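Visitor:
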C-alpha cells in the first residue's frame, strides 16, 4: 500500500510535465524542438537505467528512491525559473536521471514483495496508481496553466515531490551484504548484454515507440486540430488501462504472458491508425468528429498499455535470479525508453516536414513490425509459484 501510494504521488507531480510541449510552443519552439526536449528525458534514461540497475541490487532500493526524488524536485524548481528551450532540456535531463533512479528502485522493491504466480496481476495493480495520476495530472494541470500559468504548475510538481520524499523516508529493507565491499558481481556487463538480445526486449522497444510518440506529440496535434482540452484523451487512456488491469489483470498469470502481449500490440496499432486517419481527414472536412476519435484512440492505446507493461515486465523477470532483479528491470525500462526516444526525435522531423497525418501513418507501419516480432514470442506456461 505504501509503495502504491508513493508511486501515485511521485507520478502525479511528474506527469504534469506531459503539458510541457505547450510551454515550449508558447516560448516559440517548433515540433523539432519539442521532440528534442521531450526526447532528452527518455534518452538520459536509456543510458542511466542499465547502469543504475546493478547498483540498486548491490546498495538497496531506498537510497536510490530518495536521490531520484531529490533530482525530480530540483528539476521542477529549475523549470519555474525564467529561461528558454535549452533550460527545459536541462530540466528534462535531470528528470530523466531522477525518474530512472526512482523507477528502477521502486519497481524492484515491489517485485521483492510478490510471488511469481501473482506477478502480472500485482504489477498491473501497482501500475494503476501511475495511471490514476496520468488521468488527474493533465486535468488539473490544464486548469492551473490556464488560470495562473506554467510556473505555478512547476512549483506544485516540486511540492508533490517533497511529499513523495516523506513517504519513502520511513521505508526499511533488509541490509545487503553486511560487512562486504560494495561492488558489482563478476560478469554483470556480459549478462546485461545478453538480456538486451532477447526477443521480448525488442517487443518492449516497439511498445515504447508507440507510447512515447503518442505522449510527445498529442498535445500539439490536438492544438493543430483546434481541440482546447486534452483531458478527454488522457482520461480515456487511464480509465482503459485501469479497467483492463482490474478486470483482466489475472489473465497475465492464468493464461500466460504471450496470450495478452500479442493482441495488445495489435490494439496499439489500431490506436495510432485512428490518429493517422484523424490527421488525414481533418484537413479535408471540418465535419470530422475530432473529440470522439481522440477518445477512441485514448481507449485503445490505454487498454493496450494496461496489459503490455505488466505482461512484458512479468515476462522479463520470470527467469531472472533475485540477485539480478533490478539489473533486468533497468534493461527492460531502458528498452522501453529506446522506443520512446526514437519516437520523440524521429517523428518530430516527420511532423514538421510532412504533417501529423503522415507522422501517425509512419508510426503505424513501424508498430506493425513490432506486432510481427511479438508473434514469435514463446508461448510459455502460466506462472505457478
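In our numbering, the protein residues as written are 255 to 639.
The beta carbon of each residue, even a glycine, is placed where N, CA and C say it ideally should be.
Note that this is a predicted model, so its numbers are computed, not measured.
1. For the alpha helix (DSSP H) that contains residue 265, what are its first and last residues?
2. Alpha helix (DSSP H) containing residue 298: first to last residue?
3. Can you round the beta-carbon distance between residue 359 and residue 318 to whole angstroms, since I take them to be within the 8 Å contact cut?
4. Return the first residue and the last residue of the alpha helix (DSSP H) that residue 562 is part of.
5. Distance check for residue 348 and residue 646, CA to CA, integer angstroms please.
6. Ignore the nearest five residues each way along the sequence and tell me which others in residue 613's own chain have a CB closer than 6 Å to its CB.
7. Which value, in whole angstroms, describes the spacing of the CA atoms of residue 538 and residue 569?
8. For the segment 382 to 395 and the segment 292 to 306, state whether three or more C-beta atom pairs, one from each stretch, are separated by less than 8 Å.
9. Roughly how many angstroms separate the alpha carbons of residue 330 and residue 289, rounded to a whole number?
10. Taking Cβ positions, are residue 356 and residue 264 nearer each other than 8 Å?
11. Reducing DSSP to helix, strand and coil, say where residue 539 ends up.
12. Of all the options 364, 552, 594, 608, which has the alpha carbon lying nearest to the alpha carbon of residue 571?
13. Taking the continuous alpha helix (DSSP H) assigned at residue 468, which residues delimit it?
14. Do residue 457 and residue 628 count as a contact pair if the criterion is CB distance below 8 Å?
15. Are there 16 or more other CB atoms within 10 angstroms of the CB of residue 267, so buried, or fewer, so exposed?
16. Under the rule that 16 or more other beta-carbon atoms within 10 Å means buried, what is residue 255, buried or exposed?
17. Rounded to whole angstroms, what's the CA-CA distance from residue 561 to residue 375? Just pull it up for me.
18. By a C-beta neighbour count over all protein chains shown, 10 Å radius and 16 as the cutoff for buried, is residue 543 buried or exposed?
19. What number of angstroms, rounded off, separates the C-alpha of residue 270 from the C-alpha of residue 343?
20. Assuming residue 498 contacts residue 506 under a Cβ cut-off of 8 Å, what Cβ separation, rounded to an integer in Å, is found between them?
21. For residue 460 and residue 622, I'd like the C-alpha separation in whole angstroms.
22. With distance defined between alpha-carbon atoms, name the residue in 615, 618, 580 nearest to residue 305.
23. Quick check on DSSP: helix, strand or coil for residue 424?
24. Which residues mark the beginning and the end of the alpha helix (DSSP H) in which residue 597 is found?
25. Whole alpha helix (DSSP H) runs in the segment 485 to 523 with 4 or more residues, listed along the chain?
26. How should residue 369 be labelled, buried or exposed, when 16 other C-beta atoms within 10 angstroms of its C-beta is the threshold for buried?
27. Residues in the same chain with beta-carbon distance under 8 Å from residue 635, minus the five sequence neighbours each way, listed in chain order, please.
28. Report the option in 401, 311, 564 whose CA atom is closest to the CA atom of residue 502.
29. Using a 10 Å radius around the Cβ and a threshold of 16 neighbouring Cβ atoms, would you call residue 280 buried or exposed?
30. Which residues mark the beginning and the end of the alpha helix (DSSP H) in which residue 359 is found?
Guide: The structure says:
1. Its alpha helix (DSSP H) spans residues 256 to 268.
2. Its alpha helix (DSSP H) spans residues 285 to 313.
3. With 8 Å as the limit, residue 359 and residue 318 qualify as a contact, their Cβ atoms being about 4 Å apart.
4. DSSP places residue 562 in the uninterrupted alpha helix (DSSP H) bounded by 544 to 572.
5. Coverage of the chain is limited to positions 255 through 639, which leaves residue 646 absent and any answer about it impossible.
6. Apart from sequence neighbours up to five positions away, the residues of its chain that approach residue 613 with a beta-carbon distance below 6 Å are 601, 604, 605, ordered along the chain.
7. Low confidence applies here, because residue 538 scores a pLDDT of 43, under 50, leaving its location unreliable; read the following figure in that light. Residue 538 and residue 569 have their alpha carbons spaced roughly 44 Å apart.
8. Segments in contact, no.
9. One C-alpha to the other measures close to 19 Å.
10. Pairing residue 356 with residue 264 gives a Cβ-Cβ distance under 8 Å.
11. Only weak support is given to the placement of residue 539: the predicted model assigns it a pLDDT of 48, under 50, and the question is left unresolved by the model.
12. Considering only 364, 552, 594, 608, the residue with the shortest C-alpha distance to residue 571 is 364.
13. That run of the alpha helix (DSSP H) goes 453 to 479.
14. In contact: residue 628 and residue 457 (Cβ atoms closer than 8 Å).
15. It is buried - the Cβ of residue 267 has at least 16 other Cβ atoms within 10 Å.
16. So residue 255 counts as exposed.
17. Computed Cα separation, rounded: 10 Å.
18. Counting every other CB atom within 10 Å of its CB across the protein chains shown gives residue 543 a total below 16, marking it as exposed.
19. Cα to Cα, the separation comes out at about 16 Å.
20. Not confirmed; about 10 Å, so no contact.
21. So the two alpha carbons sit approximately 9 Å from each other.
22. When C-alpha distances from residue 305 are compared across 615, 618, 580, the shortest belongs to 580.
23. Three-state result, residue 424: coil.
24. Its alpha helix (DSSP H) spans residues 579 to 608.
25. Assignment of alpha helix (DSSP H) within the segment 485 to 523, counting only whole runs of 4 or more residues, yields 485 to 502, 505 to 508 in chain order.
26. With fewer than 16 other Cβ atoms within 10 Å, it is exposed.
27. Any reading at residue 635 must be qualified, since the residue scores a pLDDT of 49, below 50, and its modelled position is unreliable; the value itself is stated next. Cβ neighbours of residue 635 beyond the five flanking positions: 510.
28. Of the candidates 401, 311, 564, the one whose C-alpha sits nearest the C-alpha of residue 502 is 564.
29. Around the beta carbon of residue 280, fewer than 16 other beta carbons sit within 10 angstroms, so the residue counts as exposed.
30. Where residue 359 is concerned, the enclosing alpha helix (DSSP H) stretches over 339 to 367.
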